[in-house]
Amino acid sequence: MQYTGIAQSLGLSDLTTYVSSSGSGVDVARGGVADVAIKSVRLEVHGAASSLLVAKKIYRELDIWKTLQAQQRHPNILELLGIVETSLEGAPRNLIFPSSVSELCKGNLSEYMTLPEARSRRIQLLIDTLEGLSHMHKLGVVHGDLKAPNVLVTEEGIAKLCDFGHSRFVDTVPSYTEPTDSSSTFQATTSKLRPYHVIASEHRVSVAIIQGRTPSTRPEPPYAAGCLNDSLWAVVKACWSIDYRNRPTAALLLERIKGMIRQGLISTNAATPLRPTTDIASANVEWPESLEDYSGSLTNYSKELISSKNMADIWIYRIQGDSAPTFLQTDERGRFDMVKTDDRLKRFVVKVPRLPGGLSTTSPEDDQFQQFLRIAAKERFELDHENLVDLIGLDKSYGRYPGIVLEYCPYGDLTHYKGLIVPYEQDHQRYLREISQGLQYLHNLSSALVHGDLTPDNILVDGQGTLKLSIISFARVAASLPVNTQVAARPESAISARYTSPELLVDNPEASPESDMWSFGCVAFWIYTDLHPYPNLKKEYDIVRAIESGTLPNDMDSIRNIEALGSHLKTGADSPWITNGTLSHILRCWDSQAKARPSAKDIIKHLDLLPNTGVVRWRPPSSVPDLTGAVQTPGGRSIIGWSAGTWRRIYTRRAQGKTPDIIKLWWWKGVHSRGFFRKNLDVTVKSAKSDKGEFEDPVQQVYRHEITLLSQMKHTNVISILGFTTDPTHLGSHLKVPALITEYCANGRLREYCPANNETMTGIERIALIRGIAQALKYIHDDIPEGSIVHGNLSMVSYLTLSFKLIAHSLRTQDSVVVDTTGTPKLTNFEFGCQYQHTDNPVKAQVLNAPPLASHPTRWDAPELFQDVSDSRAPFPTRYTDLWSFGSLMMFIYSCKLPYAQSELPGAIARLINGEKPYAEDDCAYEIRSLASSLWEDIPYQRSSASKVLEMIEVS
Numbered sequence: 028m029q030y031t032g033i034a035q036s037l038g039l040s041d042l043t044t045y046v047s048s049s050g051s052g053v054d055v056a057r058g059g060v061a062d063v064a065i066k067s068v069r070l071e072v073h074g075a076a077s078s079l080l081v082a083k084k085i086y087r088e089l090d091i092w093k094t095l096q097a098q099q100r101h102p103n104i105l106e107l108l109g110i111v112e113t114s115l116e117g118a119p120r121n122l123i124f125p126s127s128v129s130e131l132c133k134g135n136l137s138e139y140m141t142l143p144e145a146r147s148r149r150i151q152l153l154i155d156t157l158e159g160l161s162h163m164h165k166l167g168v169v170h171g172d173l174k175a176p177n178v179l180v181t182e183e184g185i186a187k188l189c190d191f192g193h194s195r196f197v198d199t200v201p202s203y204t205e206p207t208d209s210s211s212t213f214q215a216t217t218s219k220l221r222p223y224h225v226i227a228s229e230h231r232v233s234v235a236i237i238q239g240r241t242p243s244t245r246p247e248p249p250y251a252a253g254c255l256n257d258s259l260w261a262v263v264k265a266c267w268s269i270d271y272r273n274r275p276t277a278a279l280l281l282e283r284i285k286g287m288i289r290q291g292l293i294s295t296n297a298a299t300p301l302r303p304t305t306d307i308a309s310a311n312v313e314w315p316e317s318l319e320d321y322s323g324s325l326t327n328y329s330k331e332l333i334s335s336k337n338m339a340d341i342w343i344y345r346i347q348g349d350s351a352p353t354f355l356q357t358d359e360r361g362r363f364d365m366v367k368t369d370d371r372l373k374r375f376v377v378k379v380p381r382l383p384g385g386l387s388t389t390s391p392e393d394d395q396f397q398q399f400l401r402i403a404a405k406e407r408f409e410l411d412h413e414n415l416v417d418l419i420g421l422d423k424s425y426g427r428y429p430g431i432v433l434e435y436c437p438y439g440d441l442t443h444y445k446g447l448i449v450p451y452e453q454d455h456q457r458y459l460r461e462i463s464q465g466l467q468y469l470h471n472l473s474s475a476l477v478h479g480d481l482t483p484d485n486i487l488v489d490g491q492g493t494l495k496l497s498i499i500s501f502a503r504v505a506a507s508l509p510v511n512t513q514v515a516a517r518p519e520s521a522i523s524a525r526y527t528s529p530e531l532l533v534d535n536p537e538a539s540p541e542s543d544m545w546s547f548g549c550v551a552f553w554i555y556t557d558l559h560p561y562p563n564l565k566k567e568y569d570i571v572r573a574i575e576s577g578t579l580p581n582d583m584d585s586i587r588n589i590e591a592l593g594s595h596l597k598t599g600a601d602s603p604w605i606t607n608g609t610l611s612h613i614l615r616c617w618d619s620q621a622k623a624r625p626s627a628k629d630i631i632k633h634l635d636l637l638p639n640t641g642v643v644r645w646r647p648p649s650s651v652p653d654l655t656g657a658v659q660t661p662g663g664r665s666i667i668g669w670s671a672g673t674w675r676r677i678y679t680r681r682a683q684g685k686t687p688d689i690i691k692l693w694w695w696k697g698v699h700s701r702g703f704f705r706k707n708l709d710v711t712v713k714s715a716k717s718d719k720g721e722f723e724d725p726v727q728q729v730y731r732h733e734i735t736l737l738s739q740m741k742h743t744n745v746i747s748i749l750g751f752t753t754d755p756t757h758l759g760s761h762l763k764v765p766a767l768i769t770e771y772c773a774n775g776r777l778r779e780y781c782p783a784n785n786e787t788m789t790g791i792e793r794i795a796l797i798r799g800i801a802q803a804l805k806y807i808h809d810d811i812p813e814g815s816i817v818h819g820n821l822s823m824v825s826y827l828t829l830s831f832k833l834i835a836h837s838l839r840t841q842d843s844v845v846v847d848t849t850g851t852p853k854l855t856n857f858e859f860g861c862q863y864q865h866t867d868n869p870v871k872a873q874v875l876n877a878p879p880l881a882s883h884p885t886r887w888d889a890p891e892l893f894q895d896v897s898d899s900r901a902p903f904p905t906r907y908t909d910l911w912s913f914g915s916l917m918m919f920i921y922s923c924k925l926p927y928a929q930s931e932l933p934g935a936i937a938r939l940i941n942g943e944k945p946y947a948e949d950d951c952a953y954e955i956r957s958l959a960s961s962l963w964e965d966i967p968y969q970r971s972s973a974s975k976v977l978e979m980i981e982v983s
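Sequential numbering from 28 applies to the sequence shown in my numbering.
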């Protein structure tokens, strides 16, 4: 193919050495007479030795490029004007490469999207890109490297595809992975986010692609374009189908978008409102006209300065004769409706900016603090939510910076109010809920707002005891100012780092909903413990250094040392918030990855699952006696079983890769001496094993959780709890945690009972075992008055116990079913159990008693326990996970085979996740296999209940 040499006509002798942009192996220079772009090879990348290979690639690209404009040039394909032969400086004289000459554009798509004019051209840019891509595909050419830098934009705002070095004809056989349509360019135009923008390491991007992760979740403000609605997002997601055959073609996408425009589903001119920090210089911002000036009305009020802080003076305005205390000093919530008309409650609060370095000397139009403040007031004046302080108006009598007139909250801030109230768990839950509701309202606005300075001092309490977030933070406004603003105080001095998230300590920080949630975690921990973040640090620079080093604001050590750190509260293993999931959610708020933090909605969802209780102290049930001194172990402790689980105290991504906190329980046979006239009774003694003193709190929780569940159950097919003992000879290591005393079953574990009697056990006896387990499940799921109990670990798991000195190198099992001397099966070991409220819809049942331990994965588990791969938290077991495991127990009773018997544990779990059933059809008689199959439905709530299984057994 011949190319037109145009060096002289374009004045290439005047070619500058200025490189306007660079790619992986080429430079793009600019011609000096006509506006053109010359793309040439960089010698230092390729070297002279590979000149033939380089030349071949260049000519292949030029061949494809020429094909794309063979009939006529396309408006969305960069026009190739010709080539010039150039020898590069420093190269051998005979080493000459062709350089392409093309039209010169304004910049690439990544650069163009930063310009204000791009905000209203997003849809047109998508259309331009698809027009160019469709043209290529019609000619049998795939681009192969479509991304934002390879889409150029002209001065007129027209997008043009370029860089065809990875392109190829469809009918050629590539030596690399076949390129397919993608929507990475869509991602760039509908937001300013690059694909996989949440992944910092490029090495991890390839892993994410292999794992099938999509390049992005749906962008939210401030990153989302105004045009990005549900319809357009559905188009974007379709491009990311894992199966390339399901992805739409460029032509189909183009037609869909044009169709949506015709139907009015998307607007070609939709633009995203700019955030205050990005458009401050574009236009002068005035105070909202609807924001009333109260300076005249307030002249009839007396005023008192009640607070003078770093960034604000707080004034309270009272009517004449009001001499009552500034804030309520006792809990008067019960009679507030009767006293709310008192003169002392007819008050206003005025918050006046107080700049530490004095007032700015610039004009109000050029005063950036003034402009930011006006924008903040304009954004927040229309906000209306019960958990936000009302912004009433302005008081312009204060001069340059008017005061912000706010709703008066009789209880003052949360610090003051909390000191008036006796701490109950239900109050703490209410505080968290009301703060979260305020944050959720702000974060879910069409263009999300952030609080930016969430501390106990910025949470106020009205006369009903309702928490309200202060919505104007002068400190946050000051922290957003450019460094050259004429305010003497530096922005970083406006807000204490104590409640600040790590991402706000970098250059040019921007508060976000995720940074609000970090602060929420700090406030929530303070609510439960009275400990501020980093309680042992006093200096600001020490706090900053701790944050930058990855130190959490608080942790379990803070709870253990709560008195030494200055808190007057008492908290520990008897505090429900530690193991009901609240502490776990608080700790997740401090994840170093902002996107991994829970949202305000997540917090509310968690609180909805908690029981409404004011209990703060745990006591053993009166029905469980203290058997200390009455239980012996003749011949010493002979371990008959043990189990292990992970404590649910911290499940954050930050902790991944570290050794988790494993709590181990073991049990042995003992004898209960019941007096001279009563026969001694064989019992099982169950205790915790740990060599770490700091495990005492979690072990206490495990002990109390299991004893709480067992004390509610009285059934022939459930193990009976007889009492507890604090005898040191029965305690694991030096932990001061009581041991449980339960009924002993002489026939041992079901795992051993069935194989031992396999030759002699009749079908009737096997059915009796299944019936007994089904009766136990029906009882715990449906018949316990206090709430439905889920066993949580119906399994027979083997462990090679190499770590226990007393039982080294022996095989022990964690079994959930034991058999007594009469052959009756009994459920045992409820340390992983979970209790739910009774409800007509078990899927939505609220958790009453959550398990402190998460069980380790087993071959007996239901597949839904493996589905939450986005987080390291183990999901709570349900009645449906019990039923799945029960199906495997049925099959074991008849076949004496384990689920997925041909595979080791990793292989068994892989087969389970891939949808394979635990047993083959020929492992058991058809009737039993059919019964078990009814418990292995993929949709959990479609599995047969224990009651239904009992009915089916009786019919058969």
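Using N, Cα and C, we set each Cβ at its ideal position, and we do this for glycine too.
Keep in mind that this is a model prediction, so the values were computed, not measured.
Roughly how many angstroms separate the alpha carbons of residue i and residue j, rounded to a whole number?
i    : j    : result
Y863 : L736 : 11 Å
M19  : A502 : A query on residue 19 cannot be resolved here, the shown segment of the chain reaching from 28 to 983 and no further.
G184 : N177 : 15 Å
T787 : C781 : 10 Å
N820 : T527 : 41 Å
A516 : E567 : Bear in mind that the predicted position of A516 carries a pLDDT of just 38, short of 50, making it unreliable; the figure below should be weighed with that in mind. So the two alpha carbons sit approximately 15 Å from each other.
N581 : G171 : 49 Å
S837 : E733 : Residue placement at S837 is flagged as unreliable, the pLDDT there being 34, under the threshold of 50; the coordinate-derived value follows with that caveat. When rounded, the distance between both Cα atoms is 27 Å.
G348 : N327 : 11 Å
T94  : R100 : 10 Å
A82  : L188 : 22 Å
H808 : A872 : 12 Å
Taking only three categories from DSSP, how would you classify residue i?
i    : result
K495 : strand
Y425 : helix
W693 : strand
N177 : helix
D5   : The displayed coordinates of the chain run from 28 to 983. Any statement about residue 5 would go beyond what the structure contains.
F859 : coil
P125 : strand
N135 : strand
Y328 : strand
Q659 : strand
T905 : coil
By a C-beta neighbour count over all protein chains shown, 10 Å radius and 16 as the cutoff for buried, is residue i buried or exposed?
i    : result
Q739 : buried
L892 : buried
Q398 : buried
I966 : exposed
N485 : buried
If residue i sits next to residue j, beta carbons under 8 Å apart, how far is it from one beta carbon to the other, in whole angstroms?
i    : j    : result
I110 : L80  : That pair is no contact at about 18 Å.
I499 : I431 : 5 Å
K4   : I667 : Because the chain spans 28 through 983 in this model, residue 4 falls outside it and cannot be assessed.
V710 : T769 : 7 Å
Does the contact criterion of 3 or more C-beta pairs under 8 Å hold for the region 492 to 500 versus the region 548 to 559? no
Any contact between the region 442 to 458 and the region 406 to 424? By contact I mean 3 or more CB pairs, one from each, below 8 Å. no
Stretch pair the region 808 to 820 + the region 949 to 964: three plus CB contacts closer than 8 Å: no
Meets three-Cβ-pair contact criterion under 8 Å: the region 900 to 911 and the region 784 to 799: no
So, do the region 796 to 807 and the region 739 to 755 have three or more beta carbon pairs nearer to each other than 8 Å? yes
Contact between the region 319 to 334 and the region 415 to 434: three or more CB pairs below 8 Å? yes
Do three or more CB pairs link the region 864 to 878 to the region 932 to 952 at distances below 8 Å? no
With three or more beta-carbon pairs closer than 8 Å as the criterion, would you say the region 571 to 586 touches the region 415 to 425? no
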